[in-house]
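K.L.:
Start counting the sequence shown at 1; every next residue gets the next number (full-length UniProt numbering).
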Amino acid sequence: MFIRAYLRASTDDQDASRARDYLETFVSGYGKAIASCYMENASGSHADRPELIR
Numbered sequence: 001m002f003i004r005a006y007l008r009a010s011t012d013d014q015d016a017s018r019a020r021d022y023l024e025t026f027v028s029g030y031g032k033a034i035a036s037c038y039m040e041n042a043s044g045s046h047a048d049r050p051e052l053i054r
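1) If contacts are defined as beta-carbon pairs under 8 Å, then Arg4 and Ala35 qualify, I think. What distance do you get, rounded to the angstrom?
2) Tell me the DSSP secondary structure of Ala16 in three-state form.
3) From the DSSP output, which residues share a beta bridge with Tyr7?
4) Excluding the 5 residues preceding and the 5 following Asp21 in the sequence, name in chain order all residues of the same chain whose CB lies nearer than 6 Å to its CB.
Here's what the structure looks like:
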């Protein structure tokens with residue numbers, strides 16, 4: 001099973017990399033690993049989000 005993660009932080013106060021650390025800890029607790037991670041620090045109101053389109 002491949003786990004792919006899309007993480008987005010919408011404000012300057014948030015950080016997608018912090019969420020990645022939490023998610024990696026969570027999945028490792030189930031003996032799994034994230035195969036690829038797509039991260040953006042962008043507003044959800046904008047349609048131009050290249051990492052989401054990948």
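We put the CB at the ideal spot given by N, CA and C, even for glycine.
Since the structure is predicted, the reported quantities are computational estimates derived from the model, not experimental observations.
P.N.:
Result, derived from the coordinates:
1) 6 Å
2) helix
3) The question names Tyr, yet the displayed sequence has Leu at residue 7. Answer by DSSP bridge pairing, in chain order: Met39.
4) none
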